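*Asks:* Input: one structure, supplied below.
Number of protein chains: 2
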Amino acid sequence: MAGKREAKREEFRARLVEAASARIARSGLKGLRARDVTGDTASALGGLYNAFADLDDLVLHVNSATLGRLRALARTRAERAQGPHETLEALALAYLAFARDNHALWSALFEHRLAPERPLPDWHRAEQATLIQTIAVPLRELAPDLSEDALLVRARTLFAAIHGVVAIALENRFVGVPEADLEGELRSFVDVIVRGMEATRPGNTG
Amino acid sequence: MAGKREAKREEFRARLVEAASARIARSGLKGLRARDVTGDTASALGGLYNAFADLDDLVLHVNSATLGRLRALARTRAERAQGPHETLEALALAYLAFARDNHALWSALFEHRLAPERPLPDWHRAEQATLIQTIAVPLRELAPDLSEDALLVRARTLFAAIHGVVAIALENRFVGVPEADLEGELRSFVDVIVRGMEATRPGNTG
Chain A
4 MAGKREAKRE EFRARLVEAA SARIARSGLK GLRARDVTGD TASALGGLYN AFADLDDLVL
64 HVNSATLGRL RALARTRAER AQGPHETLEA LALAYLAFAR DNHALWSALF EHRLAPERPL
124 PDWHRAEQAT LIQTIAVPLR ELAPDLSEDA LLVRARTLFA AIHGVVAIAL ENRFVGVPEA
184 DLEGELRSFV DVIVRGMEAT RPGNTG
Chain B
4 MAGKREAKRE EFRARLVEAA SARIARSGLK GLRARDVTGD TASALGGLYN AFADLDDLVL
64 HVNSATLGRL RALARTRAER AQGPHETLEA LALAYLAFAR DNHALWSALF EHRLAPERPL
124 PDWHRAEQAT LIQTIAVPLR ELAPDLSEDA LLVRARTLFA AIHGVVAIAL ENRFVGVPEA
184 DLEGELRSFV DVIVRGMEAT RPGNTG
């Protein structure tokens, strides 16, 4: 009986996450209200606050679902690519495609702000780290001598750089790369980075 | 007389921009209210709306002042550096220093959102472009064969990449480079890019 109740609870949580995701996808994170989500799922406010600590907790789970989809896309694209150069290019273009196709949900990954005294939960940080791990794999081939820690930091740097190029262009609030040039620029940028890493590899006199 | 009245008006506008900048620096863009700014300058709401179209217009002028200070810092640092590698590194580190020292004002450059139907004014976009121009100068030496247009797009890409690395790390909402590693990562990143651009330069068989 406890198992069945737990399964029902999980199913309800998933429905709330789905409804909140759809709301954010349609009208952004800013306007999200608990009442709208319960309205969409024909449930009571008390139910939502029983299933999640608060609206922020629900948004964290929306972001978790978004990260899961992004990670799945990244893995599929990385698997189809050969070698570090092709893999990094595929990952950068997959990131751009995901951001374009899921603009509001993707923005929510970076815009959602918890209260200052409330740190991002470890389970969610771990999910973000798993995404970065996808980049560390091809980077390892380009930088075989880096320690594991340094490699992960390098992967974070590269992720943040690609994110910056995509975000400034798509958000259109600060002069960014024109959208028509974005794919070409990401390709050139990855190309420059791969060549630069090859040149700085110990034993290479480039 | 008209000249004197105009000078008084400009002085009042400058005082409002200064007061709004101080407010944003203290408590961020989100909480900014017109009433607080007029309170700080001991002026009337009508005066503010006479001097600026609305609060968004005032924030654009705060951002303009912030960009001016950032540009001045970038130029000073670039002038002291020698050659494209040192210059790009100096610019990246100056950007990090500015973002750290002026966190809320720097965030406002990217967070301020006009109504969807209201495009960013051309004069403000031009100021953003002038900042990017600072990066185009050293890039030109590394990519002498790029057309002027392609060079400016490449400079936007590099700016957005450096911005991404700094922003994700300082905002602390998504796993970024640990703050202690940030300077070192920016240096390595610029080094990789410079080497990569040298290697992809036509005539170089790297």
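From first to last, the protein sequence lines stand for chains A and B. With positions in the first sequence counted from 1, the corresponding number in our numbering is that position plus 3. With positions in the second sequence counted from 1, the corresponding number in our numbering is that position plus 3. Built from N, CA and C at the ideal position, the CB exists for glycine as well. Source: prediction; values computed, not measured.
If distances are taken between C-alpha atoms only, which option among B/Lys11, B/Gln85, B/Arg128, B/Ala153 comes closest to alanine 139 of chain B?
*Replies:* To locate residue 139 of chain B, count along the second sequence from 1; it is residue 136. Alanine 139 of chain B has its Cα closest to that of B/Ala153, out of B/Lys11, B/Gln85, B/Arg128, B/Ala153.
*Asks:* Measure the C-alpha to C-alpha separation of alanine 47 of chain B and leucine 161 of chain A and round it to an integer number of angstroms.
*Replies:* On the second sequence, position 44 is the one that residue 47 of chain B refers to. On the first sequence, position 158 is the one that residue 161 of chain A refers to. Between alanine 47 of chain B and leucine 161 of chain A, the C-alpha separation is close to 49 Å.
*Asks:* May I ask you to check if the CB of tyrosine 98 of chain B is nearer than 7 Å to at least one heavy atom of the ligand NAD?
*Replies:* Only the bare structure without any ligand can be found here, which leaves the ligand NAD out of the picture.
*Asks:* Checking 8 Å against the spacing of the C-beta atoms, do arginine 18 of chain B and threonine 44 of chain B come in under that value?
*Replies:* For the purposes of this step, residue 18 of chain B is identified with residue 15 of the second sequence, where counting begins at 1. For the purposes of this step, residue 44 of chain B is identified with residue 41 of the second sequence, where counting begins at 1. Against a cut-off of 8 Å, the Cβ pair of threonine 44 of chain B and arginine 18 of chain B comes out as a contact.
*Asks:* When you check each C-beta in the stretch 126 to 143 of chain A against every C-beta of chain B, which residues fall closer than 8 Å?
*Replies:* Arg128, Gln131, Ala132, Ile135
*Asks:* Is the shortest distance between the beta-carbon of glycine 199 of chain A and the beta-carbons of chain B less than 8 Å?
*Replies:* Position 196 of the first sequence, counted from the start, is the residue given in the question as residue 199 of chain A. Interface criterion met: the Cβ of glycine 199 of chain A is under 8 Å from a Cβ in chain B.
*Asks:* Chain B beta carbons: is any one of them nearer than 8 Å to that of phenylalanine 113 of chain A?
*Replies:* The residue you call residue 113 of chain A lines up with position 110 of the first sequence. It does; some Cβ of chain B falls within 8 Å.
*Asks:* DSSP on threonine 41 of chain B, reduced to helix/strand/coil?
*Replies:* Sequence index remark: in the second sequence, residue 41 of chain B carries index 38 (1-based). Of the three classes helix, strand and coil, the one that applies to threonine 41 of chain B here is helix, per DSSP.
*Asks:* Just checking my contact of alanine 163 of chain A with glycine 179 of chain B at CB under 8 Å: how many whole Å lie between their CB atoms?
*Replies:* Here residue 163 of chain A corresponds to residue number 160 of the first sequence, with the count starting at 1. Here residue 179 of chain B corresponds to residue number 176 of the second sequence, with the count starting at 1. Alanine 163 of chain A to glycine 179 of chain B, Cβ: 6 Å. Contact.
*Asks:* Among the residues of its own chain, which have a CB less than 6 Å from the CB of arginine 74 of chain B, if the five just before and after it don't count?
*Replies:* What you label residue 74 of chain B is simply residue 71 of the second sequence in a count that begins at 1. Cβ within range, chain order: Leu134.
*Asks:* Here's the rule: buried if 16 or more other CB atoms are within 10 angstroms of the residue's CB, otherwise exposed. What is glutamate 201 of chain B?
*Replies:* Start at 1 with the first residue of the second sequence, and residue 201 of chain B comes out as number 198. Burial call: buried.
*Asks:* What does a CB cutoff of less than 8 Å around proline 205 of chain B pick up in its chain, not counting 5 residues either side in sequence?
*Replies:* Position 202 of the second sequence, counting from 1, holds the residue named residue 205 of chain B. So the qualifying residues of the chain are Asp148.
*Asks:* Using a C-beta cutoff of 8 Å, does phenylalanine 101 of chain B count as contacting chain A?
*Replies:* Sequence index remark: in the second sequence, residue 101 of chain B carries index 98 (1-based). It does not: the Cβ of phenylalanine 101 of chain B has no partner Cβ on chain A nearer than 8 Å.
*Asks:* Roughly how many whole angstroms lie between the Cα atoms of isoleucine 196 of chain A and leucine 94 of chain A?
*Replies:* For the purposes of this step, residue 196 of chain A is taken as residue 193 along the first sequence, with counting starting at 1. For the purposes of this step, residue 94 of chain A is taken as residue 91 along the first sequence, with counting starting at 1. So the alpha carbons of these two residues sit roughly 14 Å apart.
*Asks:* So with CB distances below 7 Å, who are the chain A contacts of valine 195 of chain B?
*Replies:* Numbered from its first residue, the second sequence carries residue 195 of chain B at position 192. Those are Ile196, Gly199, Met200, Thr203, listed as they occur along chain A.
*Asks:* For the alpha helix (DSSP H) containing aspartate 197 of chain A, name the first residue and the last one.
*Replies:* One-based indexing of the first sequence puts residue 197 of chain A at position 194. Reading off the sequence, residue 197 of chain A comes out as valine, not aspartate. Element bounds for valine 197 of chain A: 185 to 203.
*Asks:* Where proline 87 of chain A and valine 156 of chain A are concerned, what is the direct C-alpha to C-alpha distance, given to the nearest angstrom?
*Replies:* Translated into positions along the first sequence, residue 87 of chain A becomes position 84. Translated into positions along the first sequence, residue 156 of chain A becomes position 153. Cα to Cα, the separation comes out at about 17 Å.
*Asks:* Check the C-beta distance from arginine 80 of chain A over to alanine 97 of chain A and give it rounded, since I have them as a contact under 8 Å.
*Replies:* In the first sequence, the residue the question calls residue 80 of chain A occupies position 77. In the first sequence, the residue the question calls residue 97 of chain A occupies position 94. About 4 Å; that satisfies the 8 Å criterion.
*Asks:* Who are the Cβ neighbours of leucine 91 of chain A in its own chain at under 6 Å, not counting the five residues just before and after it?
*Replies:* Working through the first sequence from its first residue, we reach residue 91 of chain A at position 88. The answer, listed in chain order, is Pro141, Val193.
*Asks:* Tell me, to the nearest whole angstrom, how far the beta carbon of histidine 106 of chain A is from that of asparagine 66 of chain A; I am working on the premise that it is less than 8 Å.
*Replies:* For the purposes of this step, residue 106 of chain A is identified with residue 103 of the first sequence, where counting begins at 1. For the purposes of this step, residue 66 of chain A is identified with residue 63 of the first sequence, where counting begins at 1. The Cβ separation is near 14 Å, so there is no contact.
*Asks:* Taking beta-carbon pairs under 9 Å, can you tell me which members of the stretch 148 to 174 of chain A lie near chain B?
*Replies:* Ala153, Val156, Arg157, Arg159, Thr160, Leu161, Phe162, Ala163, Ala164, Ile165, His166, Gly167, Val168, Val169, Ala170, Ile171, Ala172, Glu174
*Asks:* Within 8 Å of any Cβ in chain B, is that where the Cβ of leucine 210 of chain A sits?
*Replies:* As displayed, chain A neither begins before 4 nor continues past 209, which places residue 210 of chain A out of reach and without an answer.
*Asks:* By the 10 Å Cβ neighbour count, where 16 or more other Cβ atoms means buried, how is glycine 209 of chain A classified, buried or exposed?
*Replies:* Stepping through the first sequence from its first residue, residue 209 of chain A is reached at position 206. In this predicted model, glycine 209 of chain A has a pLDDT of only 44, less than 50, meaning its place in the structure is not dependable; the value taken from the coordinates is given anyway. Answer is exposed; the Cβ neighbour count stays below 16.
*Asks:* Classify glutamate 82 of chain B as buried or exposed, calling it buried when 16 or more other Cβ atoms lie within 10 Å of its own Cβ.
*Replies:* The residue given as residue 82 of chain B occupies position 79 in the second sequence. Exposed, because fewer than 16 other Cβ atoms sit within 10 Å of the Cβ of glutamate 82 of chain B.
*Asks:* For the alpha helix (DSSP H) that contains arginine 128 of chain A, what are its first and last residues?
*Replies:* Here residue 128 of chain A is taken as the residue at index 125 of the first sequence, counted from 1. That run of the alpha helix (DSSP H) goes 125 to 145.
*Asks:* Quick one: give me the first and last residue of the alpha helix (DSSP H) that alanine 23 of chain A is part of.
*Replies:* Within the first sequence, residue 23 of chain A is the residue found at index 20, counting from 1. Alanine 23 of chain A -> alpha helix (DSSP H) spans 5 to 30.
*Asks:* Are the CB atoms of serine 30 of chain A and alanine 68 of chain A nearer to each other than 8 Å?
*Replies:* The count along the first sequence starts at 1 and reaches residue 30 of chain A at position 27. The count along the first sequence starts at 1 and reaches residue 68 of chain A at position 65. The answer is no: Cβ separation not under 8 Å.
*Asks:* Give the straight-line distance between the Cα atoms of arginine 121 of chain B and glycine 34 of chain A, rounded to the nearest whole angstrom.
*Replies:* The sequence position of residue 121 of chain B within the second sequence is 118, counting from 1. The sequence position of residue 34 of chain A within the first sequence is 31, counting from 1. Using only the alpha carbons, I get a separation of about 19 Å.
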